[in-house]
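Read the structure below first, then the notes.
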């Protein structure tokens, strides 16, 4: 999911409706493909886009607050919601409308401060009344199964941030410790079949994240892929 989403983002394209039902999964082969690009759009700086986009349960808070000049980071929030759902078996935030969705996010992530509100939408006019919030937000871990790995919690905390540019990129997320097991040469799918190729990156997939190369790609595969030097050199030319 993150690799496919990252490929879109490299092209400057936001999916804008990432959710489990927009993914095709071949469980036998261990392959996931993102589908339904009907809401996808190439985002350009200072160009306005509609904020009423993306299925509510996976909608980024800046969209809930009416932001019209957003980035591909809206998909990163959705990806975090999807991963949480993969762990839980159900959506982590199930609001009945946009305001209720924001309140449910606040219960998990906390009450946004003034700077966070400004970063989400500089033109925010107060459509969500934060003064009525009297509950004490729980931590994200409190909304996940007890058996959830700490590395998964850390990853979700880095994806589900209010400030869009503080969220991990897809490539940075791939470097998370949560995916370390997939980098073992002996790892198999639950059906005992080999994993599909996970690290056959094209040069443009890593060109903006060459500093993460050694963290993302396992040692035993690096000789078969472009080196960091080659990637940096390609980027400079």
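Numbering (UniProt numbering), first residue to last: 1 to 237. By construction, the Cβ of each residue, glycine as well, lies at the ideal position given by its N, Cα and C atoms.
Coarse secondary structure for residue i, derived from DSSP in three states
i: residue 237; result: Low per-residue confidence applies at residue 237: pLDDT is 42, beneath 50, and the placement is therefore not dependable enough to give any value.
i: residue 217; result: coil
i: residue 252; result: Shown here, the chain extends from 1 to 237; a query on residue 252 therefore has no answer.
i: residue 200; result: coil
i: residue 239; result: The structure shown does not extend to residue 239, since the chain spans only 1 to 237, so no value can be given for it.
i: residue 140; result: helix
i: residue 23; result: strand
i: residue 110; result: coil
i: residue 160; result: coil
i: residue 165; result: helix
i: residue 49; result: coil
i: residue 79; result: helix
i: residue 91; result: coil
i: residue 102; result: helix
i: residue 67; result: coil
i: residue 238; result: Here the chain has residues from 1 to 237 only, and residue 238 is not among them.
i: residue 74; result: helix
i: residue 181; result: helix
i: residue 232; result: At residue 232, the pLDDT of 45 sits below 50, so the modelled position is not reliable; the number obtained from the coordinates is stated separately. DSSP places residue 232 in helix when its eight states are reduced to three.
Cβ-Cβ distance between residue i and residue j below 8 Å
i: residue 144; j: residue 158; result: no
i: residue 175; j: residue 216; result: yes
i: residue 7; j: residue 203; result: no
i: residue 64; j: residue 108; result: no
i: residue 54; j: residue 25; result: no
i: residue 94; j: residue 58; result: no
i: residue 22; j: residue 34; result: yes
i: residue 51; j: residue 66; result: yes
i: residue 172; j: residue 207; result: no
i: residue 155; j: residue 178; result: yes
i: residue 42; j: residue 49; result: no
i: residue 194; j: residue 220; result: no
i: residue 61; j: residue 102; result: yes
i: residue 15; j: residue 37; result: yes
Residue environment, residue i, which counts as buried when at least 16 other CB atoms sit within 10 Å
i: residue 170; result: buried
i: residue 121; result: buried
i: residue 72; result: buried
i: residue 164; result: buried
i: residue 5; result: buried
i: residue 19; result: buried
i: residue 229; result: Since pLDDT at residue 229 reaches only 37, below the 50 mark, its modelled position is unreliable, and no value is offered.
i: residue 76; result: buried
i: residue 29; result: exposed
i: residue 149; result: exposed
i: residue 70; result: buried
i: residue 11; result: exposed
i: residue 115; result: exposed
Identified DSSP bridge partners for residue i
i: residue 153; result: Answer is none; residue 153 lacks a bridge partner.
i: residue 41; result: 14
i: residue 120; result: None, per the DSSP bridge assignment.
i: residue 34; result: 23
i: residue 188; result: 194
Test: residue i CB closer than 8 Å to a CB of chain D
i: residue 190; result: Given the protein chain composition of this structure (a single chain), no chain D is represented.
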